[in-house]
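Going by the working numbering, the letters in the sequence shown line up with residues 78 to 351, in that order.
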Amino acid sequence: MRHAAALLALALGAAPEVLRAQQDSLFADSVLSQAARLATEGQTDSARALVRRRIGALQPTDSLYPAALYAAGLVAGHADTTLTYFRRVSIEYSQSSWAAPALVRLAQFAYVARDFSTARVSAERVLSDYPVTPVRAQAAYWAGRARLELNELAAACALMQQAETEAGADVETANRARFYLQRCRGAAPAPAETARAAATFTVQVAAVRSAAAADDLMRRLTQYGYQPQAVREPDGLLKVRVGRYQSRTEAQRVAAALKARLGGSPFVVEERRP
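Now the structure itself:
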């Protein structure tokens with residue numbers, strides 16, 4: 078793979094503030110923390126062995142499983158393997174706290190591979206689907222970088238401003254965003270009122286792999302009186318969503334009703350028309 082070396086370096090070395098934070102807090106499991114530390118010290122074989130043993134001791138339904146998969150992505154020895162683990166987390170465990178960090182990693186990888194459209198989509202999924210994740214600033218930063226490469230300066234500047242604003246104690250991300258904000262001086266601002274008017278809300282009911290599963294769920298939703306649609310992501314995942322609502326409150330009521338009727342974890346997604 079042409080970019081394999083850069084991608085692997087990104088997995089282990091890029092955005093070190095993210096990895097430090099995960100080692101200190103999100104990786105509450107001591108084995109996974111140790112594996113991450115070993116990887117940053119260059120002892121990747123030992124790190125992979127630790128993670129393999131940890132995954133082998135878990136069931137896919139264990140709450141720690143997505144963290145273990147994410148750790149496996151961090152310490153994997155091949156870019157394709159790394160991407161596979163991060164995709165699994167973002168798809169199979171989309172409701173876990175690790176889905177958003179995995180999407181940020183996928184955005185970084187896509188950016189390095191110069192697939193800027195995919196990088197934008199992955200990063201902006203974090204912003205639309207995960208309103209309380211601690212990696213929102215990093216997602217906004219990488220979405221902004223991708224928008225810059227796509228020559229969408231106004232949108233990129235708005236995202237860099239968001240990254241700086243939401244960075245909080247993440248000084249490195251804030252400083253990176255400020256660097257790119259220098260390019261925004263004199264750029265036409267994104268029309269805030271138009272952006273707000275274009276925002277609508279929908280409810281995501283499930284994310285499935287096959288068209289047959291999506292069709293089955295959409296038929297059930299139609300029988301219950303909803304208007305479902307399926308949104309296909311670049312990685313092939315089909316997101317089944319219902320409705321277009323003008324307020325988050327209205328969408329939250331629908332999500333609660335769907336949860337009571339169908340179970341699962343429906344959640345509200347903010348959508349913005351370009």
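Here a beta-carbon is modelled for each residue, glycine too, at the ideal position from N, C-alpha and C.
Which residues bound the alpha helix (DSSP H) around residue i?
{"i": "Gln239", "result": "Leu230 to Glu243"}
{"i": "Trp219", "result": "Arg213 to Glu226"}
{"i": "Tyr170", "result": "Per DSSP, Tyr170 belongs to no alpha helix (DSSP H) and is neither H nor E."}
{"i": "Tyr188", "result": "Ala176 to Val189"}
{"i": "Ala290", "result": "Ala288 to Gln300"}
{"i": "Gln136", "result": "Neither: Gln136 is in no alpha helix (DSSP H) and is coded neither H nor E."}
{"i": "Phe256", "result": "Val248 to Leu258"}
{"i": "Gly119", "result": "That residue, Gly119, is in no alpha helix (DSSP H); it is neither H nor E in DSSP."}
{"i": "Gly150", "result": "Tyr142 to Val152"}
Is the CB-CB distance between residue i and residue j below 8 Å?
{"i": "Val319", "j": "Leu339", "result": "no"}
{"i": "Val212", "j": "Val203", "result": "yes"}
{"i": "Phe186", "j": "Leu160", "result": "yes"}
{"i": "Asp206", "j": "Val346", "result": "yes"}
{"i": "Ala184", "j": "Ala196", "result": "yes"}
Identify, in the order they occur along the chain, each residue of the same chain with its Cβ nearer than 6 Å to the Cβ of residue i, setting aside the five sequence neighbours on each side.
{"i": "Ser102", "result": "Note that Ser102 scores 45 on pLDDT, short of 50, meaning its location in the model is unreliable; the coordinates nonetheless yield the value given after this. Answer for Ser102: no residue qualifies."}
{"i": "Arg165", "result": "Leu146"}
{"i": "Val285", "result": "Ala291 and Leu315"}
{"i": "Leu258", "result": "Met237"}
{"i": "Gln172", "result": "Ser342"}
Kindly list the residues whose CB is nearer than 8 Å to the CB of residue i, restricted to its own chain and excluding five residues on each side of it in sequence; keep chain order.
{"i": "Ala217", "result": "Ala200, Leu204, Leu236, Met237, Gln239, Ala240, Glu243 and Ala254"}
{"i": "Val181", "result": "Ala92, Val95, Ser199, Ala200, Val203, Val212, Gln215, Ala216 and Trp219"}
{"i": "Gln136", "result": "Tyr142"}
{"i": "Val282", "result": "Leu294, Leu298, Pro305, Val317, Arg318, Val319, Leu335, Leu339, Gly341 and Pro343"}
Which residues share a DSSP beta bridge with residue i?
{"i": "Arg318", "result": "Gln281 and Gln306"}
{"i": "Phe65", "result": "Residue 65 cannot be examined here, being either before or after the span of the chain that is shown, 78 to 351."}
Rounded to the nearest angstrom, what separates residue i and residue j at their Cα positions?
{"i": "Gln100", "j": "Leu151", "result": "Residue placement at Gln100 is poorly supported in this model, since its pLDDT is 45, which falls under 50; the coordinates still yield a value, given next. Looking at the two C-alpha atoms, the distance is approximately 12 Å."}
{"i": "Gln111", "j": "Arg129", "result": "13 Å"}
{"i": "Ala332", "j": "Gln120", "result": "46 Å"}
{"i": "Ser324", "j": "Gln304", "result": "17 Å"}
{"i": "Phe104", "j": "Glu327", "result": "36 Å"}
{"i": "Ala179", "j": "Tyr170", "result": "10 Å"}
{"i": "Thr117", "j": "Leu127", "result": "14 Å"}
{"i": "Ala134", "j": "Val108", "result": "12 Å"}
{"i": "Thr352", "j": "Glu348", "result": "Lying before the first or after the last residue shown, residue 352 is absent from the chain, which here runs from 78 to 351."}
{"i": "Pro162", "j": "Ile168", "result": "Per the sequence presented here, residue 162 reads as Tyr, with Pro not at that position. Rounded to whole angstroms, Tyr162 to Ile168 spans 10 Å at the Cα level."}
{"i": "Ile132", "j": "Pro208", "result": "29 Å"}
{"i": "Asp122", "j": "Ala144", "result": "19 Å"}
{"i": "Thr279", "j": "Val308", "result": "11 Å"}
{"i": "Thr158", "j": "Gly302", "result": "42 Å"}
{"i": "Arg321", "j": "Glu249", "result": "37 Å"}
{"i": "Phe256", "j": "Ala231", "result": "16 Å"}
So, at 7 Å on beta carbons, what are the nonlocal neighbours of residue i in its own chain, with the 5 sequence-adjacent residues on each side left out?
{"i": "Ala233", "result": "Gly221, Arg224 and Leu225"}
{"i": "Trp251", "result": "The amino acid occupying residue 251 in the given sequence is Ala; Trp does not appear at that position. Answer for Ala251: Glu241 and Ala244, listed in chain order."}
{"i": "Gln329", "result": "Val345"}
{"i": "Gly90", "result": "Legend: pLDDT at Gly90 = 46, less than 50; position of this residue unreliable, no value from coordinates given."}
Does any C-beta atom of chain D lie closer than 8 Å to the C-beta of residue i?
{"i": "Ala334", "result": "No chain D appears in this structure, which consists of one protein chain only."}
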